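Residue numbers (UniProt numbering): 1 to 574.
Shown next as structure tokens:
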């Protein structure tokens, strides 16, 4: 990159950073991304790093494959590997190990070692459900009394209560025992937290704030690496690999952010449409939540383009376009005809052509590399979303508040989740089945459930700000008006609805045979990043200090690692 182009990109990157970044912090980010001497991992040469990671990787792989290890120890190792962000490195080994757990589940030895331990039973249940295993909730029956209530003596078992609590969030609709387990564990953990040590209390609070199943994976990995490093029983080999892996992946993400920032700068929309939010970094952050693994770089880059266009055009509908102009724009997208842009005002021509060219390029690349014309499926998804945008604009323009059912039926379409998932299907798969394509067109539950969670998470955090801006349609306000209940009741109802929708999404992981495992995981991750983004407020539209710190910890700031020379690499156990 030339000095002049480097300066141009650095300048635009500063513009893209969240508004809560100070000039000093933006300069710090610039140094991290562009200076040759980075903080964090410091090695004399790249070969040393590769050599060390390879040895650590082999050691951890050997631990997982060790058939002589205790069953509970194996389950705990798998859990630690996954929570530390290393699961993608050992997918085959973990699958084989968990398959062996299933095979052993009917043996007498298994019953003696696992069934009598709440921690072991709950951990096994969660790990199997996470990979799509149809394990029954009945495994917890042995921990209930004659009245089918969980035994009171379990309340003293911190590890067991934590494991039960986390496992309960993998439940399906109708699994009442898991509902009872969730409430029993929640109340028990609140009591245990009062008298627990500082480290245990922090672990309990972390779980109660957001359960593991709902957390953005890479942020959780960063948190867990720091928490795990303080444990006396931490496995040093696994921990060191986790730190190195986090920094290696972070370096990959930094390169992708540079590339996407150049793309966005060349697009030029933010310069011409100054009324729109410039949220490229937040858009990229979203895609890391959807899939952080190094091999998913193409997915992240394509979805960053999608997210940037959605954010920009959403502002056109929300704050700038007239109703007549928006009708024309929506029609132009539905027709997908370049001639339709002639009647649009200039600022809309820019939006339409940016969208038109970007999507057509994606379609061309897919046709060239995989075969099959995906244009009808992409344009339908975009047109349906813009129709939902338009409906919300009409409600706002007419000062009309729809009933809750009509609002939510429109809202899960307008929130853009289906756009991400339709694009993801074509990116993640090499071949496309007729059944899956029909599922995309009809918005199968795998697309709807995370979109509903996305919509409810958004509305629960942005209701007050939207009402202040004059936007009448929000799920909280619509529910309150339709039921004459308080905001507190409305929020409780929406949170319960979100939990029910999570159960439907959990079921899709077990019963799905239509789209493949990769899209199921993407759909679940979409719900997770929505939860993350709106946990403390509008982390996309109005990012605050917490949103800034998440960006820094995930993409910018590496985990400190000791300076190692070639001859300092330890001999690792086999």
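Glycine included, C-beta positions come from ideal geometry on N, C-alpha and C.
In this text, all values refer to a predicted model and were calculated from it rather than measured experimentally.
Start and end residues, alpha helix (DSSP H) containing residue i
i, result
"residue 336", "Residue 336 -> no alpha helix (DSSP H), and no H or E assigned at all."
"residue 219", "217 to 229"
"residue 121", "118 to 130"
"residue 89", "Premise fails: residue 89 is in no alpha helix (DSSP H) and is neither H nor E."
"residue 281", "280 to 290"
"residue 401", "Element bounds for residue 401: n/a, residue is neither H nor E."
"residue 306", "297 to 315"
"residue 236", "236 to 267"
"residue 163", "158 to 168"
"residue 188", "176 to 195"
"residue 364", "346 to 369"
"residue 552", "Here residue 552 belongs to no alpha helix (DSSP H), and DSSP marks it neither H nor E."
"residue 153", "Here residue 153 belongs to no alpha helix (DSSP H), and DSSP marks it neither H nor E."
"residue 79", "71 to 83"
"residue 592", "With the chain covering only 1 through 574, there is no way to say anything about residue 592."
"residue 202", "198 to 209"
Cutoff 6 Å; reference residue i; Cβ partners in own chain excluding five residues on either side
i, result
"residue 372", "432"
"residue 155", "188"
"residue 137", "175, 177 and 178"
"residue 527", "450 and 453"
"residue 386", "330 and 333"
"residue 145", "151"
Alpha carbon of residue i to alpha carbon of residue j, nearest angstrom
i, j, result
"residue 195", "residue 157", "13 Å"
"residue 515", "residue 521", "10 Å"
"residue 283", "residue 308", "6 Å"
"residue 422", "residue 51", "39 Å"
"residue 153", "residue 188", "11 Å"
"residue 178", "residue 215", "19 Å"
"residue 182", "residue 204", "14 Å"
"residue 554", "residue 398", "42 Å"
"residue 140", "residue 118", "8 Å"
"residue 250", "residue 297", "12 Å"
"residue 104", "residue 163", "21 Å"
"residue 409", "residue 475", "10 Å"
"residue 93", "residue 57", "12 Å"
"residue 223", "residue 191", "24 Å"
"residue 252", "residue 241", "16 Å"
"residue 235", "residue 229", "9 Å"
"residue 549", "residue 335", "42 Å"
"residue 400", "residue 444", "30 Å"
"residue 477", "residue 536", "20 Å"
"residue 55", "residue 49", "10 Å"
"residue 447", "residue 47", "43 Å"
"residue 354", "residue 88", "35 Å"
"residue 231", "residue 323", "59 Å"
"residue 457", "residue 67", "43 Å"
"residue 219", "residue 502", "20 Å"
"residue 407", "residue 547", "28 Å"
Exposure label - residue i; buried when at least 16 CB within 10 Å
i, result
"residue 411", "buried"
"residue 247", "buried"
"residue 122", "buried"
"residue 129", "buried"
"residue 85", "buried"
"residue 268", "exposed"
"residue 338", "exposed"
"residue 487", "exposed"
"residue 213", "buried"
"residue 255", "exposed"
"residue 168", "buried"
"residue 318", "buried"
"residue 575", "Examination of residue 575 is not possible in this model, given that the chain is present from 1 through 574 alone."
"residue 500", "exposed"
"residue 275", "exposed"
"residue 166", "buried"
"residue 199", "exposed"
"residue 364", "exposed"
"residue 95", "exposed"
Spatial neighbours of residue i in its chain, beta-carbon cut-off 8 Å, leaving aside the 5 residues before and after
i, result
"residue 430", "370"
"residue 225", "84, 85, 239, 242, 243, 246 and 559"
"residue 160", "117, 118, 119, 122 and 154"
Same chain only: Cβ atoms within 7 Å of residue i, ignoring 5 sequence neighbours per side
i, result
"residue 328", "343 and 344"
"residue 294", "249 and 252"
"residue 437", "377"
"residue 388", "410, 413 and 414"
Residue i: CB within 7 Å of a non-hydrogen atom of the ligand SAH
i, result
"residue 488", "In terms of ligand content, the structure shown is empty, and the ligand SAH therefore cannot be addressed."
- Task: With a floor of 4 residues, list each alpha helix (DSSP H) that falls wholly inside the stretch 424 to 489, ordered by position along the chain.
- Result: 434 to 441, 445 to 468 and 475 to 483
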